[in-house]
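A short write-up of the structure that comes next.
Number of protein chains: 4
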Amino acid sequence: MPENKTLPDNWGRWGAEDELGTLNLITDEVRARAAREVRDGRAVSLALPIDPTPALSGPFAPAAGPLSPVQQVMLHTGIPVATADLVTITNHHPRSTHLDALSHQIREDGQVYPGRPATEVVTPAGVQHGGSTPFAAGILTRGVFLDLAADGPLPSAHPITAADFEAAEGRENVRLESGDALVVRCGWSMTPDPERPMPGITLDAVRWMHERGVSLYLGDMGDAHPPLEDEHPGALHRVALLNLAMPLVDATAVGELATVCAELGRYCFLLSIAPPRIHGLTGVPVNPQAVF
Amino acid sequence: MPENKTLPDNWGRWGAEDELGTLNLITDEVRARAAREVRDGRAVSLALPIDPTPALSGPFAPAAGPLSPVQQVMLHTGIPVATADLVTITNHHPRSTHLDALSHQIREDGQVYPGRPATEVVTPAGVQHGGSTPFAAGILTRGVFLDLAADGPLPSAHPITAADFEAAEGRENVRLESGDALVVRCGWSMTPDPERPMPGITLDAVRWMHERGVSLYLGDMGDAHPPLEDEHPGALHRVALLNLAMPLVDATAVGELATVCAELGRYCFLLSIAPPRIHGLTGVPVNPQAVF
Amino acid sequence: MPENKTLPDNWGRWGAEDELGTLNLITDEVRARAAREVRDGRAVSLALPIDPTPALSGPFAPAAGPLSPVQQVMLHTGIPVATADLVTITNHHPRSTHLDALSHQIREDGQVYPGRPATEVVTPAGVQHGGSTPFAAGILTRGVFLDLAADGPLPSAHPITAADFEAAEGRENVRLESGDALVVRCGWSMTPDPERPMPGITLDAVRWMHERGVSLYLGDMGDAHPPLEDEHPGALHRVALLNLAMPLVDATAVGELATVCAELGRYCFLLSIAPPRIHGLTGVPVNPQAVF
Amino acid sequence: MPENKTLPDNWGRWGAEDELGTLNLITDEVRARAAREVRDGRAVSLALPIDPTPALSGPFAPAAGPLSPVQQVMLHTGIPVATADLVTITNHHPRSTHLDALSHQIREDGQVYPGRPATEVVTPAGVQHGGSTPFAAGILTRGVFLDLAADGPLPSAHPITAADFEAAEGRENVRLESGDALVVRCGWSMTPDPERPMPGITLDAVRWMHERGVSLYLGDMGDAHPPLEDEHPGALHRVALLNLAMPLVDATAVGELATVCAELGRYCFLLSIAPPRIHGLTGVPVNPQAVF
Chain R
1 MPENKTLPDN WGRWGAEDEL GTLNLITDEV RARAAREVRD GRAVSLALPI DPTPALSGPF
61 APAAGPLSPV QQVMLHTGIP VATADLVTIT NHHPRSTHLD ALSHQIREDG QVYPGRPATE
121 VVTPAGVQHG GSTPFAAGIL TRGVFLDLAA DGPLPSAHPI TAADFEAAEG RENVRLESGD
181 ALVVRCGWSM TPDPERPMPG ITLDAVRWMH ERGVSLYLGD MGDAHPPLED EHPGALHRVA
241 LLNLAMPLVD ATAVGELATV CAELGRYCFL LSIAPPRIHG LTGVPVNPQA VF
Chain V
1001 MPENKTLPDN WGRWGAEDEL GTLNLITDEV RARAAREVRD GRAVSLALPI DPTPALSGPF
1061 APAAGPLSPV QQVMLHTGIP VATADLVTIT NHHPRSTHLD ALSHQIREDG QVYPGRPATE
1121 VVTPAGVQHG GSTPFAAGIL TRGVFLDLAA DGPLPSAHPI TAADFEAAEG RENVRLESGD
1181 ALVVRCGWSM TPDPERPMPG ITLDAVRWMH ERGVSLYLGD MGDAHPPLED EHPGALHRVA
1241 LLNLAMPLVD ATAVGELATV CAELGRYCFL LSIAPPRIHG LTGVPVNPQA VF
Chain S
2001 MPENKTLPDN WGRWGAEDEL GTLNLITDEV RARAAREVRD GRAVSLALPI DPTPALSGPF
2061 APAAGPLSPV QQVMLHTGIP VATADLVTIT NHHPRSTHLD ALSHQIREDG QVYPGRPATE
2121 VVTPAGVQHG GSTPFAAGIL TRGVFLDLAA DGPLPSAHPI TAADFEAAEG RENVRLESGD
2181 ALVVRCGWSM TPDPERPMPG ITLDAVRWMH ERGVSLYLGD MGDAHPPLED EHPGALHRVA
2241 LLNLAMPLVD ATAVGELATV CAELGRYCFL LSIAPPRIHG LTGVPVNPQA VF
Chain D
3001 MPENKTLPDN WGRWGAEDEL GTLNLITDEV RARAAREVRD GRAVSLALPI DPTPALSGPF
3061 APAAGPLSPV QQVMLHTGIP VATADLVTIT NHHPRSTHLD ALSHQIREDG QVYPGRPATE
3121 VVTPAGVQHG GSTPFAAGIL TRGVFLDLAA DGPLPSAHPI TAADFEAAEG RENVRLESGD
3181 ALVVRCGWSM TPDPERPMPG ITLDAVRWMH ERGVSLYLGD MGDAHPPLED EHPGALHRVA
3241 LLNLAMPLVD ATAVGELATV CAELGRYCFL LSIAPPRIHG LTGVPVNPQA VF
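Chains as they are written, first to last, in my numbering: chain R, 1 to 292; chain V, 1001 to 1292; chain S, 2001 to 2292; chain D, 3001 to 3292.
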């Protein structure tokens, strides 16, 4: 299957060694713009809370229900005055707020961004290029919240387009600039419901993000499952993440953010993303902070 | 063994249900003070980078060396266009920057803060009180960096006291106020070296933190291993964390911070700590961000 | 609490270094007796089948139900011509057939068999004495099946006594000799049912096992949960395993064995137990084989 | 790439649903032949002993060296009178004695035995056909030990052929019959040594196994790494396991067996393999027992 030449694409834009993708758009000027949004130090978490499942389901712990993204083991420390534990985390889980690395997606021709064979990059010992390493130290930029659910959740199977984003900009009196992170509320969760098809991001919306210079996408929803009937289903992962090299935060929690933005009448903030500083992953749990 | 009545103690100060400990000192005013430190959006990570070990050491991955704090498993996703992985994290590991929860330490009488039996609180299904839950959404305050190693690493076995902190305040022309986080550089790592006993925090230093109202301690070093010859060995964990209910960030990376502070001539910043939002843990990996 | 002097006890019987407990009763003569039971090479498994749960419950695998004793991770091998996986096993799980090591139980005075402090034996790096090591190479003896459920499951809360065992011996025309393994069917599973209290082994039954010289106990049931109203609740684990140092196989599958024994009219067989040869565990999954 | 028509092949021999492969050769008559080898109940383990690595490498356990095939976590049980643990096992590990399932290997055309697409059979939720399930209840047959190292280890890079097997038969005065398991000693371990290329099984040896009707292969060595210069490198895994559907036990321990066989002057025995009874795996740890 030939790659569609008309799809937006950033492969090669920042060189053959690049691992940052659209994070290259976050310049010193963008960071200074973010800094100017900080006034009283109020912070809002954009992560879903996670109750871990005990990995042990035998006689010493309750039998577990459906698996959490996190499993916890309480350890025998051998000393009565200290406690300790281990956690095992499923990096790509629909109930865990996580950042997708660029090498999470592979092109049909077997290549990963910005043009390397997946067979060399994706190894049993981790991702050698375009993994979590380039953003392990943290990401800071301006966040702009576009609330598509200000009047209630989007309709089932609604195809999200540029028009939805621009309508929100108009309502909120903001404008997304190059290097900003886009934070979206659809009023849905990422858990599929067979009765009610999800809304989702269309290729039209991805083209708009590309034109505006979005550095990072965060949303309570992204690609619809099942896919929308669209010219390019799964456009957020298959075009924005893969072709544009735009990192995504899946399963973002935006309810408290919506409340605070409405209360303050402000839809821009400093956005800080500081994952555990682990290299070589395909994705990593994050707790994005919106600071006002 | 009777508890030493003269040790500083916060048990009961914020009530019988409290789980925040000294984080209660972070008021709106403290947060606003932190916000005023943000000028150009430059961020510095205070976390050590971690190269995970592949959990699989068989024919498909290299044999592992000494264990990393993080083990990674690359997954068979069943589809050729996506990659995924799992990580297992040792929460208390001397090469992992992590936040100690209040219930990480138990008093000799079997109680955890603020006076509950460890047998009820610490269960095979996780920590029921004083675990990671109260800071899972994130912590934001002003950070003050006291660089005790500006002229080189502290001497071996040096007992760190209030005088060291106040000397640094004088050199840097800063003053640590109630609610601030204290970030310390000793110029040492937490990996024990049998040849060179570590420096460490003394009870005198902990008393000073208590008087100043430190909300949170971060340091490249904390308690010395082997313990210092001190009136109360292990004072950071056994008095500050346990008696004062002051959360600690073990194994903080402060090298880049020292460089940036010296370059800017500024030793205060907005400190944001946003761990993966997981409840019920005894400790959690963090990537503290100092924002200037 | 003083130890009950009248309870049967093997501490010291085989010396201060012993790790075999009642497996010492399996002499060459006992093994030869076992060998004589082998006629046509028919083998019956006494292990419950286990369907592992995928550890990954995200977008690439079905969400898991209640946790299995075994979790499986299918690995990315990096080569298209080979598959591989990892398993994580909960050693003491009521739906996993497993052998309890002697150090699985600790006396109220803090000692493990044959009189060592648990604080020295049970460490974060595994069990240093009386763990899985002494039987890791395998156990072979004669098995005797006493079918207490030949006429249907035992009544709810039935206290199993020596009389039950001797009645079965009479029905089956067998006699359990010193060194034999005792295999018991009660017609119950080890999963507690709040509506129907389980039957269970009494101290009287344990005394009988001691007098007969049982080397090893295997049963579909053992100690009742909730405990029987008995002179010594939990006698199988707290007296047979702990005081007598008699290894136990919890959650033994005996349905097929009952069918085969009835069909052949034979209730004795060669019993082979060959766990994965792993040292230092508190318990280990096993698949006991009854060979006729 | 067309499959080589002249390679020995059992695909289709036992039907389109078969999962047993050459285990189909173990008839009642073969089992009775195995039973006749049992005389005094002496058992020898053919598994390598495994010292597990503590998964926890932090302040409460020693830092780990090179990873073991097994990692152990000692658990906080919440009660002072019982201990428990978890193990994580790498199923295909060169220092772990394990049984390879038929679906461990995939043909270049993407099919697994006996002609199913790997994309359907090998899923993130385990192996759906030709995994550990068909031998989870246990395998019993006659074992024949061919000691190729009776006069010392095979020479480096020695290509093992039918002639080696027949010479051993002659020395030992045995003959391998249809349905028997073949147990081989080369005097080497499976850990590659760059200085000394391993000996290995050739296609000629595999053809001989096929003609004789070997049901199962166990050896201290199998395929050489690096591969022999052979007409078909890796013939044990790529022809015997994959084309013939002959399960393999990798990393078999044969030292004690060699001693016992020489002492008894007997090279045939009852072989019992009873893995943990876990379904759907690509491989499983085993502790084969040779019973005399």
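Glycine included, C-beta positions come from ideal geometry on N, C-alpha and C. Everything numeric in this text was worked out from a predicted model, so none of it was measured.
By the rule that beta-carbons nearer than 7 angstroms mark a contact, D/P3285 does not touch chain V.
Residues of chain D whose Cβ lies closer than 9 angstroms to the Cβ of V/T1123 are, in chain order, H3076, G3078.
S/L2140 has a beta carbon lying within less than 7 angstroms of a beta carbon in chain D.
Sequence-ordered contacts of the segment 147 to 164 of chain R with chain V are nonexistent [C-beta pairs closer than 9 angstroms]. With respect to D/T3141, D/S3215 sits close: the two C-beta atoms are nearer than 7 angstroms. In the assembly as shown, R/R175 is an exposed residue. Its beta-carbon has fewer than 16 other beta-carbons within 10 Å. Only buried fits S/R2185, as 16 or more other CB atoms lie within 10 angstroms of its CB.
Take the alpha-carbon of S/P2008 and the one of S/P2124: they are about 31 angstroms apart. In chain order, P3159, G3200 place their CB closer than 6 angstroms to the CB of D/L3228, counting only its own chain and leaving out the 5 sequence neighbours on each side. Only those residues of the segment 1076 to 1107 of chain V whose C-beta falls short of 9 angstroms from the nearest C-beta of chain S are listed: H1076, T1077, G1078, I1079, A1082, T1083, A1084, D1085, L1086. R/L102 places its beta carbon 7 angstroms or farther from that of R/A224. Of S/G2170, S/P2233, S/W2208, the smallest CA-CA separation from S/A2162 is found for S/W2208. Against chain V, a Cβ distance below 9 angstroms from R/S45 picks out A1136, A1137, G1138, A1274, R1277. In its chain, beyond the 5 residues on either side, V44 have a beta carbon closer than 6 angstroms to the beta carbon of R/V260.
When the beta-carbon positions are compared, D/V3087 and S/I2089 come within less than 7 angstroms of each other. In the three-state reduction of the DSSP assignment, D/D3147 falls in the strand class. Residues of chain R with a Cβ closer than 8 angstroms to the Cβ of V/I1201 do not exist; the shortest Cβ-Cβ separation is about 17 angstroms. The beta carbon of S/R2039 falls within 7 angstroms of a beta carbon belonging to chain D, placing the residue at that interface. Among the residues of chain S, none has a CB under 7 angstroms from the CB of D/V3144; the nearest is roughly 15 angstroms distant.
Chain-order list of chain D residues neighbouring S/L2067: empty, with the shortest C-beta distance near 12 angstroms, by a criterion of under 9 angstroms. In the three-state reduction of the DSSP assignment, V/P1134 falls in the helix class.
V/P1094 is not a Cβ neighbour of V/T1252, given a cutoff of 7 angstroms. Scanning chain D for C-beta atoms nearer than 9 angstroms to the C-beta of S/A2035 yields V3038, R3039, D3040, G3041, R3042, V3291, F3292, reported in chain order. The bridge partners DSSP lists for V/Y1217 are V/L1182, V/L1248. Between the segment 3264 to 3277 of chain D and the segment 2262 to 2276 of chain S, the count of Cβ pairs shorter than 8 angstroms is three or higher; the stretches touch. Residue burial annotation: S/I2050 is buried, with at least 16 other C-beta atoms found within 10 angstroms of its C-beta. In terms of CA proximity to V/D1220, V/V1183 leads the group V/T1202, V/V1183, V/A1240, V/A1157. Between the beta-carbon of S/L2046 and that of S/L2218 there is about 6 angstroms, and that keeps the pair under the 8 angstroms contact cut.
Where S/G2170 is concerned, the enclosing alpha helix (DSSP H) starts and stops at 2162 to 2172. Under a 10 Å Cβ-count criterion, S/L2264 is classified as exposed, with fewer than 16 other Cβ atoms of the shown protein chains found around its own Cβ. A straight line joining the alpha-carbon of D/D3018 with that of R/E108 spans about 34 angstroms. In the three-state scheme derived from DSSP, where H, G and I count as helix and E and B as strand, R/G187 is classed as coil.
Contact between V/A1118 and V/G1110 is confirmed by a C-beta separation of about 5 angstroms, below the 8 angstroms threshold.
S/S2103 sits in a helix when the DSSP states are folded into three classes.
Within a 10 Å sphere around the beta-carbon of S/E2172 sit 16 or more other beta-carbons, which makes this residue buried.
The three-state reading of DSSP puts R/A82 in strand, counting E and B together.
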